[in-house]
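Below: one structure, written as structure tokens.
Protein chains: 2
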Amino acid sequence: MVRPGIHAGAQINIALVHYPVHNRRGEIIGSAVTNLDIHDIARISRTYGINRFYLVTPYQDQQRLVAELLAHWLSGRGGELNPTRKAALELVKVAPDLATLYAELGALQEQSHQISQRPQGPRNPLILATSAMVQSRTMAYDQARQRLAAGDQILILFGTASGLAPAAMAEVDAFLPPIDGVDAYNYLPVRAAVAIILDRLLRSW
Amino acid sequence: MVRPGIHAGAQINIALVHYPVHNRRGEIIGSAVTNLDIHDIARISRTYGINRFYLVTPYQDQQRLVAELLAHWLSGRGGELNPTRKAALELVKVAPDLATLYAELGALQEQSHQISQRPQGPRNPLILATSAMVQSRTMAYDQARQRLAAGDQILILFGTASGLAPAAMAEVDAFLPPIDGVDAYNYLPVRAAVAIILDRLLRSW
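Quick note, the sequences are listed as chains A and B, same order. Quick note on numbering: numbering that gives the first Met the number 0 labels position 174 of the first sequence as 173, and the sequence is numbered without any gaps. Quick note on numbering: numbering that gives the first Met the number 0 labels position 136 of the second sequence as 135, and the sequence is numbered without any gaps.
Quick look at the structure:
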């Protein structure tokens with residue numbers, strides 16, 4: 000089994016996508032940002048040394064909500080009372096849409112290419128997503144670990160509500176396999192899926 | 000690597016312990032039951048086919064709160080609107096304290112001994128706990144998987160607040176290793192710890 004090691008977390012960015020996603024009826028919606036997801040996923044990301052945790056939402060009121068929450072914990076009273084929470088929430092960034100996120104990570108990538116003289120390889124960052132259903136373009140965990148071990152950057156998209164809409168799914172390079180439970184039940188909280196997937200990619204056996 | 004397989008989840012009970020636990024100052028307290036932990040950990044347990052998810056709390060008002068919540072989802076309007084949530088919350092049971100829980104599981108065990116004529120082996124159920132710190136009595140994940148593969152029952156205790164108090168820790172057989180992050184940061188939500196630990200014990204590689 001390939002072991003990129005826990006420090007490869009620095010090569011991973013994750014994004015919690017609030018638009019475009021499906022509701023339970025398969026309609027395309029924008030979901031509301033939830034305080035709980037921000038805190039839980041930030042703490043999980045901090046534990047595993049993830050580079051950044053992006054919240055993708057096009058709604059200005061939602062972006063404002065996130066900015067207020069972050070201000071409380073990063074520069075306000077919250078961070079003084081609970082510095083470990085501050086350390087987690089420092090990883091959170093907002094992106095208005097996926098195109099902006101891809102451009103930002105592409106630009107970061109470009110910079111690090113110039114600095115490290117790293118030769119152009121396959122698309123980098125590799126954009127992965129998760130899905131509760133088996134997709135045709137699947138990348139096994141071991142393959143993803145190999146990419147990390149080779150030094151590649153990975154962006155992992157997590158859909159809120161009932162999952163990423165087709166337009167978002169069409170743009171990803173591959174899907175990590177669904178988290179198999181004991182039977183067809185497949186209603187893990189996205190917070191739990193993030194924890195399990197990062198552990199599968201990064202834990203040292 | 001030993002692979003008990005996902006169906007071994009039926010041999011596992013988990014307990015979220017609200018008393019006796021530590022607060023941040025190391026004082027022994029009883030923590031409040033949170034709606035979120037119940038829902039999230041029930042959904043994770045259902046995904047991995049766990050036998051039962053116990054809430055351990057001695058407080059009658061808290062027990063009543065849980066009973067109302069379960070009634071809404073199991074026999075009320077909630078379960079009609081969201082049957083997948085009902086399927087998860089069906090796993091939840093309340094125990095007033097650890098002694099009662101141990102007696103209940105011992106009794107269940109006794110029964111299954113009589114039925115299966117299984118010879119008395121080591122203490123069964125094996126009682127494991129998790130800890131953010133390395134403990135002297137540690138059982139590696141692979142050892143725990145071996146016990147599952149051998150057909151043993153396991154009870155896993157998860158502490159709320161700042162973790163199990165010494166009296167509770169003294170009674171467990173062994174501790175699973177801490178979930179190693181990239182550095183000393185160790186503030187995973189208990190919900191995330193449950194997800195990661197069940198995945199480590201049960202996933203088929």
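For glycine and all other residues, C-beta sits at the position ideal for the given N, C-alpha and C. Here the structure is a predicted model, which is why all the values come from computation and not from measurement.
| Check | Outcome |
| --- | --- |
| Given this structure, state the Cα-to-Cα distance separating Gly-38 of chain B from Asn-50 of chain B, to the nearest angstrom. | The residue asked about is misnamed: residue 38 of chain B is His in this sequence, not Gly. The alpha-carbon atoms of His-38 of chain B and Asn-50 of chain B are separated by roughly 16 angstroms. |
| Hey, His-21 of chain B and Ala-164 of chain B are a contact pair by Cβ (cut 8 angstroms); roughly how many whole angstroms apart? | 6 angstroms |
| Is it right to say Ala-192 of chain B is buried, meaning 16 or more other beta carbons lie within 10 angstroms of its own, or is it exposed? | buried |
| Counting along the chain, where does the beta strand (DSSP E) carrying Gly-158 of chain A start and finish? | 153-158 |
| 8 angstroms is my cut-off, CB to CB: does Thr-137 of chain A come that close to chain D? | No chain D appears in the structure shown, which is made up of the protein chains A and B. |
| Does DSSP put Ala-183 of chain B in a helix, in a strand, or in coil? | coil |
| Roughly how many whole angstroms lie between the Cα atoms of Ala-128 of chain A and Val-93 of chain A? | 18 angstroms |
| Which chain A residues are close to Gly-48 of chain B, counting only those with a beta carbon under 9 angstroms from its beta carbon? | Gly-180, Val-181, Asp-182 and Tyr-184 |
| Counting only Cβ-Cβ distances shorter than 7 angstroms, please list the residues of the stretch 35-63 of chain B near chain A, keeping chain order. | Leu-35, Asp-39, Arg-42, Ile-43, Arg-45, Thr-46, Tyr-47 and Gly-48 |
| Pairing CB atoms from the stretch 180-190 of chain B with CB atoms from the stretch 39-59 of chain A, are three or more of them under 8 angstroms? | yes |
| Kindly indicate the opening and closing residues of the alpha helix (DSSP H) around Leu-54 of chain A. | That residue, Leu-54 of chain A, is in no alpha helix (DSSP H); its beta strand (DSSP E) goes 51-55. |
| Quick check: Pro-124 of chain A and Leu-147 of chain A, are their CB atoms within less than 8 angstroms of each other? | no |
| Chain A partners of Ile-195 of chain B, CB-CB under 7 angstroms? | Ala-194, Ile-195 and Asp-198 |
| So, are the CB atoms of Ala-167 of chain B and Leu-175 of chain B less than 8 angstroms apart? | no |
| Count the other CB atoms, across all protein chains shown, that sit within 10 Å of the CB of Asp-36 of chain A; report buried if there are 16 or more and exposed otherwise. | buried |
| Using a Cβ-Cβ distance cut-off of 8 angstroms, determine whether Thr-83 of chain A contacts chain B. | yes |
| Using CA atoms only, rank isn't needed, just tell me which of B:Val-55, B:Pro-188 and B:Thr-137 is closest to Ser-161 of chain B. | B:Pro-188 |
| Please determine, among A:Gln-62, A:Gln-142, A:Ala-14 and A:Leu-80, the residue with the shortest C-alpha to C-alpha distance to Leu-100 of chain A. | A:Ala-14 |
| Under the rule that 16 or more other beta-carbon atoms within 10 Å means buried, what is His-17 of chain A, buried or exposed? | buried |
| Between the alpha carbons of Gln-152 of chain B and Ile-27 of chain B, how many angstroms are there, rounded? | 29 angstroms |
| Counting contacts by CB-CB distance shorter than 8 angstroms, is His-6 of chain A in contact with chain B? | yes |
| For the stretch 140-164 of chain A, enumerate the residues whose C-beta is nearer than 8 angstroms to any C-beta of chain B, in chain order. | none |
| Measure the C-alpha to C-alpha separation of Ala-7 of chain A and Gln-62 of chain B and round it to an integer number of angstroms. | 44 angstroms |
| Helix, strand or coil: which one does DSSP assign to Val-32 of chain A? | coil |
| Counting only beta-carbon separations shorter than 8 angstroms, does Pro-188 of chain A have a partner in chain B? | yes |
| How far does the beta strand (DSSP E) with Thr-129 of chain B in it extend, from its first residue to its last? | 125-129 |
| What does DSSP give as the partner residues of Val-91 of chain A in its beta bridges? | A:Phe-52 |
| Going by alpha carbons, who is nearest to Gln-59 of chain A out of A:Asp-96, A:Ala-173, A:Asn-81 and A:Leu-80? | A:Asp-96 |
| For a contact defined as C-beta to C-beta under 7 angstroms, what are the partners of Ala-205 of chain B on chain A? | Limits of chain B in this structure are 0 at one end and 204 at the other, which puts residue 205 of chain B out of reach. |
| Which residue wins for smallest C-alpha separation from Tyr-53 of chain B, given the options B:Asn-81, B:Leu-90, B:Gly-77 and B:Arg-24? | B:Leu-90 |
| Let me know the secondary structure DSSP gives Ala-139 of chain A once reduced to three states. | coil |
| Quick check on DSSP: helix, strand or coil for Ala-173 of chain B? | strand |
| DSSP on Ile-178 of chain A, reduced to helix/strand/coil? | coil |
| Can you find a CB in chain A that lies within less than 8 angstroms of the CB of Ala-191 of chain B? | yes |
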